[in-house]
Amino acid sequence: MSETDRPFEPRIVAFFCTWCTYTAADLAGISRMQYAPNVRAIRLMCSGRVDPQFVLAAFRDGADGVLIGGCHPGDCHYQEGNVNALRRFELLRRMLRDFGIEEGRVRLEWISAAEGDKVQRVCNEMTERVRALGPLRLEPGPRRRVGVGVVPVGAAEAAAGPAAGEASEPVGVLETEGREAR
Amino acid sequence: MPEGGLNPKAVSTDGGPRIGVYVCHCGLNIAGKVDVKAVVEFAASLPHVTVARDYKFMCSDPGQELIQQDLRDGLVNRVVVASCSPLMHEATFRRATAAGGESPSHVQMASIREHVSWVTADGDDATEKAKALVAGAVRRVALHEVLEPRQSPVRPDVMVVGGGIAGIHAALTLADAGKHVYLVERETTIGGHMAKFDKTFPTLDCAACILTPKMSAVRTHPNITLWTYSDVVSVEGYAGDFRVRVRHRPRYVREDLCTGCLACIDACVHKQGKFEDEWNEGLSKRKPIYIPFPQATPPVVVVDREACIWFKTGKCPRTCVDACERDAFDFEQTETFDEVEVGAIILATGYRTFDASRMPEYGYGLYPNVYTSLEVERLLNAAGPTNGEIVLRDGSRPRTVGIIHCVGSRDAKHNLWCSKVCCMYSLKLAHMVKERIGAEVYNFYIDMRTPGKGYEEFYDKVLREGVHMVRGRVAGVTDEAASPEEEGHLVIRAEDTLIGSVRRIPVDMVILAVGIEPQPDAQEVRRLFNVSCGSEGFFTERHPKLAPVSTFTDGIFLAGACQGPKDIPDSVAQAGAAAAEALAMIDRGHVTLESSTAFIDDAACSGCKTCVGLCPFGAIAFDEDRKKAAVNEVVCKGCGICVGACPSGAAQQHLFTDAQILSEIEGVLEYV
Ligand SMILES: Cc1cc2nc3c(=O)[nH]c(=O)nc-3n(C[C@H](O)[C@H](O)[C@H](O)COP(=O)(O)OP(=O)(O)OC[C@H]3O[C@@H](n4cnc5c(N)ncnc54)[C@H](O)[C@@H]3O)c2cc1C
Ligand code: SF4
Ligand code: SF4
Ligand code: FES
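One line per chain: the protein sequences are A and B, in this order.
Here the numbering used here is used: the first residue of the first sequence is 10, the next is one more, and so on.
Here the numbering used here is used: the first residue of the second sequence is 61, the next is one more, and so on.
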């Protein structure tokens, strides 16, 4: 479906740590809490794994918003991953400002394994906030939609086991500056 | 031919990724919302996907067999299962894939149940979201590396934390199976709450008669090291190999010498008890040197440093020391520490009761004749402050007693949960009060909850004994008389929902059936052992039905009321289950370690050392000669913190490499 024949639906990528927020999202499911379908959660072991590069890549690849979820301060399964996440998030916000990406498009939330209702609330709020901001239009540079792991069938053999390096190849202005800005 | 169909696409013939996508209906849990056929069709169109199928229950044997057959036939070498959460079944599908001859790391799950069908109102939206998650999984699994599961041996010893009935039972079960157990109890004696009761519902067997033999069995068991007055200060390591540091507080009496003759207590210069006796809920006074109750285990006295004249002034004839024939006193004792290595840990730290003064309308702390249930348990206990006599604080016998159920429980202002044991223990107290002193007893309840073997029958018995049951929430307790017959009594005001009016019932004694709460330090204990708590503070089990005694931290198990309100039979059953889980782990001999550890691409490492300082576990060493960092994979817990921070992209994490995550990002965004 092309983007023009239906109303704007924000696309939000979420990075959830497996111990708290991803578990909370499971709990929201088990409790049948309904929420906006716009958020796609990617499971990481800890919010401390979130590399600002991921957030930039998500925007580059067409996300209109990015949500990061981790354990409450003091509750990180690895003691202090969320502290690192918070520190990097502050840097990230500054970086995004430089790219002209509105602050409201990123959000960091502490959601414990018991807070299924918070997953529901945050996903709904985030969706509405990003909906109000409208689609992200990145300038300059086109959205890049083909990347790692996508190899036309038939060419698969040639690309057997795509190299890890492929992903971190600078793609457009975002990524390069992103790395330097840290 | 199973449900779903073979992807029409040609099968790759060499080592490139050949991905099989298996979409689960989960009965109607997924298929009732998500158009699974559309997801299969979509999956089939994705790069490298050679097979896409759907099936009613992927986790069932035939479901797993579908995957294995495709693997054996060489149709696929990577597996995406779109079904429930990976937290639920990732292990299942990894096993199935390994059984099909492929590396278990070649599996990725897309959670289209918890994250899609169960949370999305609209079917089309759900189908689109499911497709996006499948695309993300397909993209990422194409890049998964081959990892063989790493195994690590399991140490045979177990630590049990908390010596209530749950901890005692778990320790004895393990010790009887030949495992060495370290039982750590922070009080001076084991026994927990049960040791305070006189009788236990519903059988009314004497608590001491069934508990004391178990307590002495713990003390004398050759396989149990009992550490009382001790607590855990640090826990390191992982399932199968925990290093636990335990602190022992000084009793100022040597445990190896004291025989519990109690001569010293008689000899103390304090002729009378002067200090609040915690064991008796403050209903009596004890001396600075004391033993909580006669059968305390170990039967060793303890000196209360805050109360002892010697410690306070340095001047005391220390008649206690002279009285001891065993020379057991040691006023120089200090804290000591032990460090032990165990394979598994069972948490059995129990509960505390609701603080009744948080509900001032019931007058606890204001009217001396308002008691908590725990206080009355002590009054009823033959070894308690009144030698089992039910008397008020002025020494008189109550002629009417009101028992208020659900104090602090099922109450939006306090605790939402039902404490599960209060109805039954309130009936027990009603029966015992009536039997001992023939008082009129009124039980004020909201709902009478008596599920359990013999429990409803116990209720019937108490009813037949003539205990009055008033159904309705109690508004308050007051000493203001509204009529001459209320004069000199406490008045319980309650709505009687059965007769539809408000009643005032004058009584001599009020018993508050205080609810069950998490321990006050549950949060600290949880952090220490790296387990999680629900929002109310009880420890969270791995799965409420299928893994009720496991936690999300491998090798740490739960027993008893620390996991939620429980009576003694349930606590014991759970303790047995926790012991069995620990045994299963130990006897298997090994645990499978975290596969998602970090590694460093030597060539890319710039030697900046960012990662070294960030690792919370000190798993990264820096080679100063070569100026390169290296991860110790045994110590690494696989959080990825170092990876997220490495400015050179040199630090990577197995199954969470930058490339894999970036592909997943592209995938979840691409096809919507
Ligand atoms: C008034 C009352 C009456 C009851 N009557 C009955 C009855 O008749 N029948 C029945 O079946 N049930 C009854 N119950 C319920 C019963 O008390 C519980 O089911 C049972 O005590 C639970 O045992 P446990 O071992 O899990 O916890 P606990 O008995 O609370 O024991 C926990 C132990 O762990 C220790 N501990 C706590 N934290 C730490 C730590 N960090 N480190 C080391 N040690 C620690 C504590 O000191 C304690 O010894 C009653 C409850 C109440 C409140
Ligand atoms: S952070 Fe990266 S570059 Fe720096 S020392 Fe660690 S691995 Fe090497
Ligand atoms: S992933 Fe990195 S930071 Fe985390 S434990 Fe392993 S080496 Fe340490
Ligand atoms: S594990 Fe949840 S934030 Fe670290």
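The beta-carbon is built from N, C-alpha and C at its ideal position, and this holds for glycine as well.
Fair warning: this is a prediction, and the values are worked out from it, not measured in the lab.
Two segments are said to touch when three or more pairs of C-beta atoms, one from each, lie closer than 8 Å; by this definition the segment 456 to 470 of chain B does not touch the segment 603 to 614 of chain B. Ligand 1 has a heavy atom closer than 7 Å to the beta-carbon of B/Asp-581.
Counted as a single uninterrupted DSSP element, the beta strand (DSSP E) harbouring A/Trp-119 occupies residues 115 to 119. Per DSSP, the beta-bridge partners of B/Leu-550 are B/Val-567. Annotation for A/Ser-56 indicates a beta carbon within 7 Å of some heavy atom of ligand 4. For B/Tyr-505, the distance from the CB to the nearest heavy atom of ligand 1 is not below 7 Å. Take the alpha-carbon of B/Glu-392 and the one of B/Ile-349: they are about 16 Å apart. Within the chosen limit of 7 Å, ligand 1 does not reach the beta carbon of B/Leu-439 with any heavy atom. Residue environment analysis places B/Gly-673 among the exposed positions, since fewer than 16 neighbouring C-beta atoms fall within 10 angstroms of its C-beta.
The C-beta of A/Asn-133 comes no closer than 8 Å to any C-beta of chain B.
In the structure shown, B/Lys-488 adopts helical secondary structure according to DSSP, grouped into three states.
If one requires a minimum length of 4 residues, the alpha helix (DSSP H) runs lying completely within the segment 136 to 180 of chain B are 146 to 159, in chain order. Under a 10 Å Cβ-count criterion, B/Asn-89 is classified as buried, with 16 or more other Cβ atoms of the shown protein chains found around its own Cβ. Closer than 7 Å to some heavy atom of ligand 4: that does not describe the Cβ of B/Asn-475. Distance check between A/Leu-147 and each of A/Arg-138, A/Asp-107, A/Gln-129 places A/Asp-107 closest, using alpha-carbon atoms only. Rounded to the nearest whole angstrom, the CA to CA distance from B/Tyr-312 to B/Glu-395 is 10 Å. DSSP places B/Lys-521 within a helical segment (H, G or I) once states are collapsed to three. Residues of chain A with a Cβ closer than 8 Å to the Cβ of B/Glu-174 are, in chain order, Ala-34, Asp-35, Ala-37, Gly-38, Ile-39. Look at the beta carbons and you see the segment 264 to 280 of chain B touching the segment 221 to 231 of chain B: at least three pairs across the two are nearer than 8 Å. Taken through DSSP and simplified to helix, strand or coil, B/Asn-503 comes out as strand. Beta-carbon to beta-carbon, B/Val-728 and A/Val-64 are separated by about 14 Å, too far to satisfy the 8 Å threshold.
Of all alpha-carbon atoms in B/Ala-640, B/Asn-137, B/Thr-432, the one lying nearest the alpha-carbon of B/Gly-160 is that of B/Asn-137. Every alpha helix (DSSP H) stretch that sits fully inside the segment 174 to 236 of chain B and reaches 4 residues is listed by chain position as 183 to 201, 225 to 236. Judged by DSSP in its simplified three-state form, A/Tyr-44 adopts coil rather than helix or strand.
In the three-state scheme derived from DSSP, where H, G and I count as helix and E and B as strand, B/Leu-618 is classed as strand.
Look at the segment 95 to 128 of chain A: the residues with a C-beta under 8 Å from a C-beta of chain B are Arg-97, Ser-121, Ala-122, Ala-123, Glu-124. Within the chosen limit of 7 Å, ligand 1 does not reach the beta carbon of A/Pro-144 with any heavy atom. Apart from sequence neighbours up to five positions away, the residues of its chain that approach B/Lys-480 with a beta-carbon distance below 6 Å are Pro-625, ordered along the chain. Against chain B, the beta carbon of A/Leu-53 has neighbours under 8 Å at Gly-700, Phe-716, Ile-721, listed in chain order. Interface residue (Cβ-Cβ distance to chain A less than 8 Å): B/Arg-307 is not classified as such. Taking the C-beta atoms as reference points, B/His-204 is found nearer than 8 Å to B/Leu-715. According to the DSSP assignment, A/Tyr-31 belongs to no beta strand (DSSP E) but to the alpha helix (DSSP H) extending over 30 to 39. Between B/Ile-552 and B/Val-570, the gap from beta carbon to beta carbon is short of 8 Å.
DSSP places B/Leu-286 within a strand segment (E or B) once states are collapsed to three. Here DSSP, grouped into helix, strand and coil, assigns B/Leu-131 to helix.
In terms of Cβ geometry, A/Arg-58 and B/Gly-704 form a close pair [threshold 8 Å].
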